[in-house]
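To start, the structure under review is shown below, and the notes come after it.
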Amino acid sequence: MEREVLFRIRRFDGEHAYWQDFQFKARKGMTVLEGLYHIKESIDGSLSFRASCRMGVCGSCAVKVNGRPRLACETQIFDIGDTLEIEPLDNMSVLRDLVVDMDGFFRKHEAVKPYLIRGGDNYGNPKELMQTPKELHAYYDFSLCIKCGACYSVCPASATRSDYLGPAAMTAAYRFCADSRDEGKDERLRLVSGSEGVWRCHFNAECSEVCPKNIEPAKAVQKMKLMSAIRIIKSIFR
Ligand code: FES
Numbered sequence: 493m494e495r496e497v498l499f500r501i502r503r504f505d506g507e508h509a510y511w512q513d514f515q516f517k518a519r520k521g522m523t524v525l526e527g528l529y530h531i532k533e534s535i536d537g538s539l540s541f542r543a544s545c546r547m548g549v550c551g552s553c554a555v556k557v558n559g560r561p562r563l564a565c566e567t568q569i570f571d572i573g574d575t576l577e578i579e580p581l582d583n584m585s586v587l588r589d590l591v592v593d594m595d596g597f598f599r600k601h602e603a604v605k606p607y608l609i610r611g612g613d614n615y616g617n618p619k620e621l622m623q624t625p626k627e628l629h630a631y632y633d634f635s636l637c638i639k640c641g642a643c644y645s646v647c648p649a650s651a652t653r654s655d656y657l658g659p660a661a662m663t664a665a666y667r668f669c670a671d672s673r674d675e676g677k678d679e680r681l682r683l684v685s686g687s688e689g690v691w692r693c694h695f696n697a698e699c700s701e702v703c704p705k706n707i708e709p710a711k712a713v714q715k716m717k718l719m720s721a722i723r724i725i726k727s728i729f730r
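Here it is, written out as structure tokens:
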């Protein structure tokens with residue numbers, strides 16, 4: 493089955509932002525990403541967008557479709573309708589068309605030390621680190637983040653404070669703080685308890701609404717707030 497659809501794309505040529513309309517015949521099952529490739533290959537080769545895996549794994553194709561951040565490769569055109577307004581993600585500067593600058597986003601991610609920290613006698617110890625299913629369950633869902641930036645793009649705290657770490661970085665911080673093998677919780681909590689950290693979150697929770705992997709970054713931030721509060725209380729009574 494084929495149907496005429498209209499892609500209204502927010503473009504940016506480096507100086508000016510403008511809307512451009514593209515009309516074409518989409519077939520049933522065609523994704524927004526396939527539509528973008530169709531335009532690039534058959535109508536306007538200058539259209540810029542990011543994509544890699546085409547299967548919801550790499551996180552690079554996130555764009556706004558009719559106002560909501562989505563993975564273009566996982567969104568079917570017919571599920572949205574006949575007219576699709578496609579824009580770059582918010583809260584990041586636009587480099588070209590649908591391509592945003594994610595340097596700051598990844599710098600914040602890196603800042604929370606998103607890896608297992610082992611110290612003291614355990615540093616470099618090759619022994620196997622076993623976990624019970626319960627210990628795995630404590631962080632597993634949060635390890636599924638693909639860093640697409642959808643949560644960050646709708647976060648009001650990230651929109652108003654450029655130094656706020658944001659929901660994706662906080663999710664990564666929680667994922668490792670909740671891991672029974674990790675020994676870097678104190679170090680990480682110190683990082684996220686500052687003025688750019690967890691206490692900036694107003695619990696708007698839109699980040700959880702738009703996460704394409706249903707990860708609930710808002711829940712991770714609240715869990716980090718609890719860990720941070722316990723750390724503060726402990727430091728008072730020490
Ligand atoms: S292209 Fe990798 S998630 Fe869409």
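Residue 493 is where the sequence shown starts when you use my numbering, and the numbers rise one by one after that.
The C-beta atom is built at its ideal place from N, Cα and C for all residues, glycine as well.
Can you tell me whether residue i is buried or exposed? The criterion is at least 16 other CB atoms within 10 Å of its CB, across all chains shown.
{"i": "Met-716", "result": "buried"}
{"i": "Gly-611", "result": "exposed"}
{"i": "Pro-709", "result": "buried"}
{"i": "Phe-541", "result": "buried"}
{"i": "Gly-631", "result": "Checking the displayed sequence, the identity of residue 631 turns out to be Tyr instead of Gly. By the 10 Å Cβ count, Tyr-631 comes out buried."}
{"i": "Phe-499", "result": "buried"}
{"i": "Ile-569", "result": "buried"}
Looking at the secondary structure, which residues open and close the beta strand (DSSP E) in which residue i lies?
{"i": "Ala-554", "result": "554-557"}
{"i": "Pro-561", "result": "560-563"}
Taking just the CA atoms, how far does residue j sit from residue i?
{"i": "Tyr-510", "j": "Cys-669", "result": "44 Å"}
{"i": "Val-591", "j": "Pro-580", "result": "6 Å"}
{"i": "Cys-565", "j": "Pro-659", "result": "23 Å"}
{"i": "Trp-691", "j": "Cys-647", "result": "14 Å"}
{"i": "Arg-667", "j": "Arg-495", "result": "43 Å"}
{"i": "Ser-740", "j": "Ile-707", "result": "Given that the chain is displayed from residue 493 to residue 730, the structure contains no residue 740 and the question cannot be resolved."}
From which residue to which residue does the alpha helix (DSSP H) around residue i run?
{"i": "Phe-729", "result": "Segment: none, Phe-729 is in no alpha helix (DSSP H) and carries neither H nor E."}
{"i": "Ile-638", "result": "Segment: none, Ile-638 is in no alpha helix (DSSP H) and carries neither H nor E."}
DSSP beta-bridge partners for residue i?
{"i": "Gln-568", "result": "Thr-523"}
{"i": "Glu-494", "result": "Arg-519"}
{"i": "Ile-501", "result": "Gln-512, Ile-578"}
Would you please verify whether the beta carbon of residue i is less than 9 Å from any beta carbon of chain D?
{"i": "Arg-519", "result": "In the displayed structure, chain D is absent; only one protein chain is listed."}
Q: Output the residue ranges of the alpha helix (DSSP H) runs that lie fully inside the region 510-547 and measure 4 residues or longer, sorted by chain position.
A: 524-534
**Q.** Complete alpha helix (DSSP H) runs within the region 578-612 (minimum length 4 residues, chain order)
**A.** 595-603
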